[in-house]
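Letter by letter, the sequence shown follows residues 1 to 71 of my numbering.
C-beta atoms are modelled at their ideal positions from N, C-alpha and C, and glycine is treated no differently.
The structure appears right after this line, and notes come after that.
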Amino acid sequence: MHKYLLGTLIGSVLLAAALTIAQMWFDLIDWDNFLKALGTLAIVFVLSGFLMVVGHDFGSKKDLKDKNYLD
């Protein structure tokens, strides 16, 4: 699962960078739609990062519980 979330993080950053460069050079879409697209990519980035951290945290606690370090 972490591989997919990491891929989503990398993909959203690359897509945002490509969209920004294309918008600066070629003015592909209106600026309001461009900002909406960047905002959406930022939300996807933050959500993917949050899910990775939560998954790692729950996984580490489960590992500690399995080794009887936690009650």
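Residue environment for L6: exposed (fewer than 16 other C-beta atoms within 10 angstroms of its C-beta). Non-local C-beta neighbours of V44 in its own chain, meaning closer than 6 Å and more than five positions away in sequence, comprise S12, ordered along the chain.
Per DSSP, reduced to three states, the secondary structure at I29 is coil, with no helix or strand assignment. Around the CB of L41, 16 or more other CB atoms lie within 10 Å, so the residue is classed as buried. Taking the C-beta atoms as reference points, A18 is found no nearer than 8 Å to L38.
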